[in-house]
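Engineer: Numbering (the numbering used here), first residue to last: 201 to 889. Cβ coordinates follow ideal geometry from the N, Cα and C atoms, glycine included. Predicted, not measured: the structure shown is a model, and the values here were computed from it. First the structure, then my questions, so here it is.
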């Protein structure tokens, strides 16, 4: 059988899912079936090569989660090594009296070449390797795995809440949020598995010590009693074979222990271990210069190995100096490019210099500039893009871009959100910290700078990034500074959506609708309804938090009633009736019943009389009493987890909706004819004054 046939056979086993079971069966068979010395040589060599492969895979992996199969691989390799120990022990005890080559050339080489044929030296070397493996590497890796598993599991609820907050703010899409949740769950499973799998290495090290003494004692008894060897010959043969066997097994064990320690101490960054070491340890010129100076000074001390210290000091200093020169060259090139890009002389002013204000703007202090600079790892621009995409899908029209600029008049960590050049909201963030939001289910205290969330006004703390996991375990929802700003922008856009929809946006919506229903659009605007009135209707719907996704339903309702009235208020009421199913659906979903509040008959009569007499403004005393009654009802409904809906006659709905829109945002005011026939109404009570 040639090599290509062997490769095809291996590929067939892998595709059929038979490779792993067959490998495990072969490993288990090694414990029972005697192996020839030649097979032991091959398997020991394969074990060493496999350990090196795993170590290099750990070094070059970008993030620990990319090697999620590592706990299983660790178990299989450990079982393989223990099976080899059993197989080699059998050969050593059966044929050890024949000489040091009885168990194969690999064990003989480690017994003769590595330790020079001195079993006392070999015993010391084996003891040192075992102590290093068992007391240092394995014990440290086990502790790190245990702590990482505990903190990862404790932080799991907080991470889930942070993902939900990012999705609600539009920073993440539903698919991205699902992927993030899966990643968090896989991370918890991975570190939990690593906590358990590190016990394999610890047990393997202890087993190696016991096997060493068992083989030596057993070999002496067998060699002297059964084969009649002199005690010094038996001691030499069996001890060299046992120590060689132990070293062959201990070397891969040390490599795997190092792999475990490296993997569990790695940070989750998209860099391999070599890149991290170069950038963080050897990538700082000042560190190399100071080190080189100290080594050179030590090399001048009489009695020291002068050449070694002087050579190393000169090398470190030279590398540090070259790195400083390279950094200076990069700064000079950047300055030259900036100078070349600047205009040679001021240009004459023109009408092009008179530009309209941006619909949406974000002004940031100078400390927040790295957040919007993608070249420096800033993610704020991509998050703002995600917010725009989510709100565009929710509101039903294209949200304009957010123009970001720096403003030196602001505080270094401050930002300001503008609408058509007018500041609407502002806040202060710390780019080197993270915001821990108190969601009401906090179990302990966390150190930080007290503040309030600029979007919702929740109590919060600006904490150090290193305490993020601790804060999440205490029940806080932790977000970074970019997420805080993006969430604030999202809320400002929702609150001011009517002002972002103008004639051009309305015409673009009509052009999109004309592709599927050209006749409807042709008969509506401008034949039946002026574009300006159409814009006011859409703005009114957005002001009442009704998305424009069902634009066809809106256009059909307007086309039917526009010939009888051009009043935007009347047309909005008509459109609301047509969209009644959508409106109620967004209030309480698929629930069969809609819990509602109504107006007391006396209050309803007073409001009807006020409206018929031409009064569009409520009497102050009546307005204050009614507002208090509505607020108490809404707070009671929110505490029970049900939506607050006020069901009123269609003539009173616009007045009461405008009255409660800003002061009681959680109250939905519906007209009787807006509730679809398929929805049952459950009366909760009447609002009096």
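Helix, strand or coil for residue 868 per DSSP?
Structural biologist: Residue 868: strand per DSSP, three-state reduction.
Engineer: Could you tell me the distance, in whole angstroms, from the CA atom of residue 638 to the CA atom of residue 655?
Structural biologist: 13 Å
Engineer: Mapping the DSSP letters down to three states, classify residue 883 as helix, strand or coil.
Structural biologist: strand
Engineer: Where do the N-terminal and C-terminal ends of the alpha helix (DSSP H) with residue 703 fall, by residue?
Structural biologist: 703-714
Engineer: Would a C-beta distance cut-off of 9 Å place residue 629 and residue 676 closer than the cut-off?
Structural biologist: Not in contact: residue 629 and residue 676 (Cβ atoms no closer than 9 Å).
Engineer: For residue 289, is the classification buried or exposed, using 16 other Cβ atoms within 10 angstroms of its Cβ as the cut-off for buried?
Structural biologist: Residue 289 counts as buried, since at least 16 other C-beta atoms from the protein chains shown sit within 10 angstroms of its C-beta.
Engineer: Closest to residue 194 by C-alpha separation, out of 292, 307, 878, 673, would be which residue?
Structural biologist: Coverage of the chain is limited to positions 201 through 889, which leaves residue 194 absent and any answer about it impossible.
Engineer: Looking only at its own chain, which residues have a Cβ that is under 7 Å from the Cβ of residue 644, when we skip the five neighbours before and after it?
Structural biologist: 674
Engineer: Which residues mark the beginning and the end of the beta strand (DSSP E) in which residue 260 is found?
Structural biologist: Residue 260 -> not in any beta strand (DSSP E); alpha helix (DSSP H) instead, spanning 237-260.
Engineer: Below 7 Å CB to CB, which residues in the same chain sit around residue 247 once its five sequence neighbours on both sides are set aside?
Structural biologist: 280, 281, 284, 452
Engineer: Is residue 603 buried or exposed, if buried means 16 or more other CB atoms sit within 10 Å of its CB?
Structural biologist: exposed
Engineer: Contact defined as beta carbons within less than 8 Å: I believe residue 596 pairs with residue 749. What is the distance between those atoms, to the nearest angstrom?
Structural biologist: 4 Å
Engineer: Report, in whole angstroms, the separation of the C-beta atoms of residue 580 and residue 686, which I expect to be a contact under 8 Å.
Structural biologist: 7 Å
Engineer: On a Cα-Cα basis, can you pick out the residue from 699, 711, 763 that is closest to residue 738?
Structural biologist: 699
Engineer: Going by DSSP, name the residue or residues bridged to residue 650.
Structural biologist: 661
Engineer: Would you identify the three-state DSSP class for residue 623, choosing helix, strand or coil?
Structural biologist: strand
Engineer: Please list the terminal residues of the continuous alpha helix (DSSP H) segment that includes residue 573.
Structural biologist: Where residue 573 is concerned, there is no enclosing alpha helix (DSSP H), given that its DSSP letter is neither H nor E.
Engineer: Alpha carbon to alpha carbon, what distance is there between residue 392 and residue 492?
Structural biologist: Going by C-alpha positions, residue 492 is about 43 Å away from residue 392.
Engineer: Could you pull the start and end residues of the alpha helix (DSSP H) that residue 365 belongs to?
Structural biologist: 339-368
Engineer: Below 8 Å, can you find three or more Cβ-Cβ pairs linking the segment 793-800 to the segment 832-850?
Structural biologist: At 8 Å Cβ cutoff, the stretches touch.
Engineer: Apart from the five residues just before and just after residue 886, which ones in its own chain have a Cβ nearer than 6 Å to its Cβ?
Structural biologist: 798, 800
Engineer: Please give me, in chain order, every unbroken run of the beta strand (DSSP E) with length at least 3 that falls completely inside the segment 730-809.
Structural biologist: 793-799
Engineer: Would you mind stating whether residue 855 and residue 811 have Cβ atoms separated by less than 9 Å?
Structural biologist: Yes, the pair counts as a contact, with Cβ atoms nearer than the cut-off.
Engineer: Would you call residue 201 buried or exposed, if buried means 16 or more other Cβ atoms sit within 10 Å of its Cβ?
Structural biologist: With a pLDDT of only 43 at residue 201, under 50, the local geometry of the prediction cannot be trusted, and no value is derived from it.
Engineer: What is the DSSP secondary structure of residue 682, counted as helix, strand or coil?
Structural biologist: helix
Engineer: Which of the three DSSP states is assigned to residue 427 in this structure?
Structural biologist: The answer is coil: DSSP assigns residue 427 none of H, G, I, E or B.
Engineer: Would you mind reading off the limits of the alpha helix (DSSP H) that contains residue 276?
Structural biologist: 270-295
Engineer: Less than 9 Å between the C-beta atoms of residue 420 and residue 435, yes or no?
Structural biologist: yes
Engineer: Just the Cα atoms here: how many angstroms apart are residue 781 and residue 870?
Structural biologist: One C-alpha to the other measures close to 12 Å.
Engineer: Please report the straight-line C-alpha distance between residue 497 and residue 485, rounded to a whole angstrom.
Structural biologist: 18 Å
Engineer: Out of 860, 447, 851, which one is the CA nearest neighbour of residue 333?
Structural biologist: 447
Engineer: Residues in its own chain within less than 7 Å of residue 879 by CB, not counting five upstream and five downstream?
Structural biologist: Around residue 879: 784, 794.
Engineer: Answer with buried or exposed for residue 181, where buried requires no fewer than 16 other C-beta atoms within 10 angstroms of its C-beta.
Structural biologist: The question about residue 181 has no answer, for the chain in this structure spans 201 to 889.
Engineer: Going by the DSSP bridge assignment, what does residue 615 pair with across the sheet?
Structural biologist: 564, 627
Engineer: Taking the straight line between their C-alpha atoms, what separation do you get for residue 826 and residue 702?
Structural biologist: Distance from the CA of residue 826 to the CA of residue 702, rounded to the nearest whole angstrom, comes to 35 Å.
Engineer: Roughly how many angstroms lie between the CA atoms of residue 460 and residue 260, to the nearest whole one?
Structural biologist: 14 Å
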